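Quick note, the sequence shown lines up with residues -19 to -1, 1 to 139 if you use mature numbering (1 follows the signal peptide of the UniProt record, and there is no 0).
Where is the CB? At the ideal position from N, CA and C, for every residue including glycine.
None of the values given here were measured: they were computed from a predicted structure.
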Amino acid sequence: MKTLTLLSFFFLLVLNSYSSMGSSAGGAPTAYEMLESFNFPKGILPEGVKGYVLHEDNRFEVDLGRECKFQVEENGYYLHYQKKITGSVEFGSLKNLKGVSVKILFIWVGISEVFNKGNGDLEFFVGPVSASFPVSNFDEKPECGSHLGNNNQLVSDS
């Protein structure tokens, strides 16, 4: 346990030595690489992240540069990402999320928390209600204006 704590501290120390905006060109990890380091698949964020800030207290801000909407599976859920997504992150836990919504029937509802408990599923919370989906559903980064078809292949709506 001490080793994990020491590694986490070292990781945050190294991260803070980079500029606050993530960019693969500058050597800092991308937002997708950062997600993976916290045990989340890259596909929970859509393609095209412009940058991110990870604060020392693990609060984060992600800049998509534009709003993004896509459908997960044909006739499935619609997801909507604001230009700016905020929250806090720990290993296997995204909390206090702002800027990510899911359409349930005719109403857009904010996703407040996401957990990866290591059992092969991600658990998404909308208030006190949750739904679980296989981590493998998020292996690929979705594109805005698309839907994920059968076999999780991206299909453009245009």
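(message) Can you tell me whether L86 is buried or exposed? The criterion is at least 16 other CB atoms within 10 Å of its CB, across all chains shown.
(response) Position 105 of the sequence shown holds residue 86. Exposed is the label assigned to L86, since fewer than 16 other Cβ atoms lie within 10 Å of its Cβ.
(message) Quick check: what's the CA-CA separation for K76 versus N20?
(response) For the purposes of this step, residue 76 is identified with residue 95 of the sequence shown, where counting begins at 1. For the purposes of this step, residue 20 is identified with residue 39 of the sequence shown, where counting begins at 1. Approximately 14 angstroms, taken between the alpha carbons.
(message) Per the DSSP calculation, K65 is bridged to which residue(s)?
(response) Stepping through the sequence shown from its first residue, residue 65 is reached at position 84. Answer is D44.
(message) Rounding to the nearest angstrom, what Cα-Cα distance links E48 and S82 in this structure?
(response) Translated into the one-based positions of the sequence shown, residue 48 becomes position 67. Translated into the one-based positions of the sequence shown, residue 82 becomes position 101. E48 and S82: Cα-Cα distance of roughly 11 angstroms.
(request) With a threshold of 16 other CB atoms inside 10 Å of the CB of N97, please say whether the residue is buried or exposed. (result) Your numbering for residue 97 matches position 116 in the sequence shown. When all chains shown are included, N97 counts as buried.
(request) State buried or exposed for G3, treating a residue as buried only when at least 16 other CB atoms are found within 10 Å of its CB. (result) Position 22 of the sequence shown holds residue 3. Caution applies to G3, whose pLDDT of 42 falls short of 50 and renders its modelled position unreliable; the model cannot decide the point.
(message) Can you give me the C-alpha to C-alpha distance between Y59 and H36, rounded to a whole angstrom?
(response) Residue 59 sits at position 78 when you count from the first residue of the sequence shown. Residue 36 sits at position 55 when you count from the first residue of the sequence shown. Here the C-alpha atom of Y59 lies approximately 30 angstroms from the C-alpha atom of H36.
(request) Could you check what DSSP says for T(-15) in three-state terms: helix, strand or coil? (result) Translated into the one-based positions of the sequence shown, residue -15 becomes position 5. For T(-15), the predicted structure reports a pLDDT of 32, less than 50, and the residue's modelled location is therefore unreliable. A value from the coordinates is still provided. Helix, per DSSP.
(message) Going by beta-carbon coordinates alone, are S93 and F106 separated by less than 8 angstroms?
(response) On the sequence shown, residue 93 is found 112 positions in, with the first residue counted as 1. On the sequence shown, residue 106 is found 125 positions in, with the first residue counted as 1. Yes.
(request) Could you work out which residue in W89, R40, D44, K23 is closest to S117 when comparing CA atoms only? (result) Residue 117 sits at position 136 when you count from the first residue of the sequence shown. Cα-wise, what sits closest to S117 is K23.
(request) List the residues that DSSP assigns as beta-bridge partners of Y13. (result) Working through the sequence shown from its first residue, we reach residue 13 at position 32. DSSP lists no bridge partner for Y13.
(request) Please go through the same chain and pick out, in chain order, the residues whose beta-carbon is closer than 6 angstroms to the beta-carbon of I25, but skip the five residues on each side of it. (result) Working through the sequence shown from its first residue, we reach residue 25 at position 44. If we look at I25 and ignore the five residues flanking it on each side, its Cβ neighbours are F119.
(message) Could you check whether V34 and E42 sit closer than 8 angstroms to each other, using their CB atoms as the reference points?
(response) As a working note, residue 42 is residue 61 in the sequence shown. As a working note, residue 34 is residue 53 in the sequence shown. Yes.
(request) Could you tell me the boundaries of the beta strand (DSSP E) in which S74 lies? (result) Position 93 of the sequence shown, counted from the start, is the residue given in the question as residue 74. Looking at the DSSP string, the run of the beta strand (DSSP E) that includes S74 is 74 to 85.
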